[in-house]
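Chemist:
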Amino acid sequence: MDRDGALAIALSNAGVSEEDAYNVKVERDGDNGIDIFDIEFETDYGDYDFEVAVDGGRIVGADYEVDEEWVYRQTESPVSIEEAESLVRGKASDPDGEIHIRQEGGDGRPRYEGSYFSGDMEYEFEIDPNTGIIFDWNADLRR
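Heads up, the sequence shown is in this note's numbering, so the first residue is 39 and it goes up one at a time.
(1) Of the residues Phe173, Asn51, Thr169, which one's Cα is nearest the Cα of Gly152?
(2) Closer than 6 Å by C-beta to Tyr83: which residues in its own chain qualify, once you throw out the five before and the five after it? Chain order, please.
(3) Could you give the distance in angstroms between the alpha-carbon of Glu136 and the alpha-carbon of Asp87?
(4) Starting from Arg127, trace the alpha helix (DSSP H) in both directions and tell me its first and last residue.
(5) Let me make sure I understand the geometry here. Which of Arg140, Thr113, Asp132 has the alpha-carbon closest to that of Glu121?
(6) If you reduce the DSSP assignment to three classes, tell me which class Asn51 lands in.
(7) Counting along the chain, where does the beta strand (DSSP E) carrying Tyr86 start and finish?
(8) Between Asp67, Arg96, Gly68, Asp58, which has its C-alpha nearest Ile47's C-alpha?
(9) Could you give the C-beta distance for Ala59 and Thr81, rounded to a whole number, given that I count them as a contact under 8 Å?
(10) Quick check: the Cα distance between Ser124 and Ser50, rounded to an integer number of angstroms?
(11) When you compare each of Pro133, Ile119, Asp73 to Gly170 by their alpha carbons, which one comes out closest?
(12) For a test of the three-state rule: what should DSSP assign to Asp101, helix, strand or coil?
(13) Does DSSP put Gly135 in a helix, a strand or coil?
(14) In this structure, how does DSSP classify Glu65 when only helix, strand and coil are distinguished?
(15) Closest to Arg147 by CA distance: which of Phe163, Gly68, Pro133, Asn168 is it?
Below, the structure written as structure tokens:
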């Protein structure tokens, strides 16, 4: 895996085009004995951090937040809680994990929040039910 390949994996997972990403940083690093590429980039609508394993290109860490005001301005394409679950499974490295998802909306804006446990990965997420956009995503390798 080289730097460009690792960046391509991160951009693809985030659903961000190379043209939309700026302040891109890709550094080789290590985390708990795993050689990784530490990748950071910004867009006009969010900040993204990824850890991609040098050996095999697996995402072993991810953290991003998309500006909720930007999300709310996007074309509505409502998703059910089952469709939101499917979005999470498709984004995770293993689609057969245990998912916990619930609808929240105490601030007046509905959202799906939850966690997903799959193999050695743990994910937390928030999804806008009106657009289907995952606007908060955290993935960590469980050790």
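The beta carbon of each residue, even a glycine, is placed where N, CA and C say it ideally should be.
Modeler: Well, looking at it:
(1) Phe173
(2) Val104, Asp105, Trp108
(3) 24 Å
(4) 119 to 129
(5) Arg140
(6) helix
(7) 84 to 91
(8) Arg96
(9) 6 Å
(10) 17 Å
(11) Ile119
(12) strand
(13) coil
(14) strand
(15) Asn168
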